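For reference, the structure is listed below as structure tokens.
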Amino acid sequence: MQRIPDGCVDLVVTSPPYNIGKEYEQRREVDYYISWISEVIKESARIVKPSGSVVFQLGNYVANGRVYPLDCLLFASFINQGLIPRNRIVWAFNHGLHCSKRLSGRHETLLWFTKTEEYKFNLDAIRVPQKYPGKRHYKGPRKGELSGNPLGKNPGDVWEIGNVKNNHPEKTKHPCQFPVELVSRVILVNTDSGDTVVDPFMGSGTTAVAATLGSRNFIGFETDAGYVEIANKRLADLTTKEVA
Ligand SMILES: C[S@@+](CC[C@H](N)C(=O)[O-])C[C@H]1O[C@@H](n2cnc3c(N)ncnc32)[C@H](O)[C@@H]1O
């Protein structure tokens, strides 16, 4: 990332390692981990344009049964870079491990920050159907007109999207993919066609797939050559069929 010039990309969106001992990471002291991710946050803030956004999808760091939400541990690191907080989105899903000594985790979060007050926000690109699409004002000066936006409603900050477990159609050998639908929403709302999206921890290339489907350019980083191969295959498959 240090080789990317200042202020030249439109969006950084990623899900970093959580320091929980997955096959692609080495557990570190939490202070070391936080300062490492904070460096990535610093680079993210540096490389986005004034109209750009930084979005990190985060879960929990768990040690000895103690649960530390990473969005809490890292929030100050974004603020320290001068980034402006816009939303803390709850990604809710209905699958996962069943815990016996605490409630089972069924959500993670996305922290969305912008670099300045003049940022891209294409709400129309991510509207969802109204609960009552044909509902009309029944009195007053707008009587008879549709009461909701015919393009749909704001999706809100709780997104119910299934996570990528074994039987999911997008599942690859990567142990922690996020779904295309999740990152697509972020890309569509925060960038325009032809913009450039960066994922510093690209894993199986989900962000690359979503960027390509949305006609955006993509730059990604990944240390594991096997995952890069998976990402390249997913991208190649896009030219011949729907998302793998
Ligand atoms: C949570 S996963 C990202 C998964 C991705 N969102 C997807 O849908 O496949 C984090 C990824 O970061 C990669 N990684 C770990 N350290 C890295 C580093 N220093 N630079 C780039 N990638 C790294 C890991 O190999 C892993 O694939």
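Per this note's numbering, residue 1055 is the first one in the sequence shown, and the count goes up by one each step.
Idealized CB from N, CA, C, for every residue including glycine.
Bear in mind that the values here come from a model prediction, so they are computed numbers and not experimental data.
Inset, instruction - Starting from Ile1143, follow the beta strand (DSSP E) in both directions and report where the run begins and ends. - result: 1138-1146
Legend entry - Opposing strand residues paired with Lys1169 [DSSP bridges]: In the DSSP output, where bridge partners are listed per residue, Lys1169 has none listed.
Inset, instruction - For His1161, write down the residues that DSSP places opposite it in a beta bridge. - result: Ala1146
Inset, instruction - Could you tell me whether the stretch 1055-1063 touches the stretch 1246-1260, where touching means 3 or more Cβ pairs closer than 8 Å? - result: In the pairwise beta carbon analysis, the stretch 1055-1063 is classified as touching the stretch 1246-1260: at least three pairs are separated by under 8 Å.
Inset, instruction - Could you check which residue in Val1237, Arg1120, Asn1114, Gly1210 has the C-alpha nearest to that of Pro1183? - result: Gly1210
Legend entry - Candidates Tyr1115, Gly1113, Val1094: closest to Asn1302 by CA position: In the structure as shown, the chain begins at 1055 and stops at 1298. Residue 1302 is therefore absent and cannot be evaluated.
Inset, instruction - Report buried or exposed for Pro1104, applying the criterion of at least 16 other Cβ atoms within 10 angstroms of its Cβ. - result: Pro1104 comes out exposed.
Legend entry - Strand pairing of Arg1120, partner residues [DSSP]: Ala1117
Inset, instruction - Note down, in chain order, each residue of its chain lying with its Cβ closer than 8 Å to the Cβ of Val1234, except the 5 sequence neighbours on either side. - result: Glu1224, Thr1260, Val1263, Ala1264, Leu1267, Val1297
Legend entry - Nearest-angstrom Cα separation, counted from Gly1106 out to Phe1175: C-alpha separation (whole angstroms): 10 Å.
Legend entry - Same chain, Cβ closer than 6 Å to Val1240, neighbours up to 5 away in sequence not counted: Val1067, Val1109
Inset, instruction - Determine which residues share a DSSP beta bridge with Gln1111 and list them. - result: Leu1164
Legend entry - Inter-residue spacing [alpha-carbon to alpha-carbon] between Asp1085 and Lys1189: 53 Å
Legend entry - Validate contact between the stretch 1123-1140 and the stretch 1166-1173 using beta carbons, cut 8 Å, 3 pairs: yes
Legend entry - Given Lys1219 as reference, the closest of Phe1232, Val1212, Trp1213 once Cα atoms are compared: Phe1232
Inset, instruction - Using DSSP bridges, identify the partner residues of Ile1273. - result: DSSP output for Ile1273 lists Val1252 as bridge partner(s).
Inset, instruction - Please say whether Trp1213 and Leu1242 have beta carbons closer to each other than 8 Å? - result: no
Legend entry - Where the beta strand (DSSP E) through Leu1151 begins and ends: First-last for Leu1151: undefined, no H or E at that position.
Inset, instruction - Excluding the 5 residues preceding and the 5 following Val1116 in the sequence, name in chain order all residues of the same chain whose CB lies nearer than 7 Å to its CB. - result: Closer than 7 Å at Cβ, skipping near neighbours: Ile1074.
Inset, instruction - Report yes if the CB atom of Gly1159 is closer than 8 Å to the CB atom of Asn1114, and no otherwise. - result: yes
Inset, instruction - Would you check if the distance between the CB atom of Pro1059 and the CB atom of Ile1091 is smaller than 8 Å? - result: At the C-beta level, Pro1059 and Ile1091 stay beyond 8 Å of one another.
Inset, instruction - Report yes if the C-beta distance between Arg1270 and Ser1238 is below 8 Å; otherwise report no. - result: no
Inset, instruction - Indicate, with yes or no, if ligand 1 has a heavy atom lying under 7 Å from the CB of Glu1276. - result: Yes, the Cβ of Glu1276 comes within 7 Å of a heavy atom of ligand 1.
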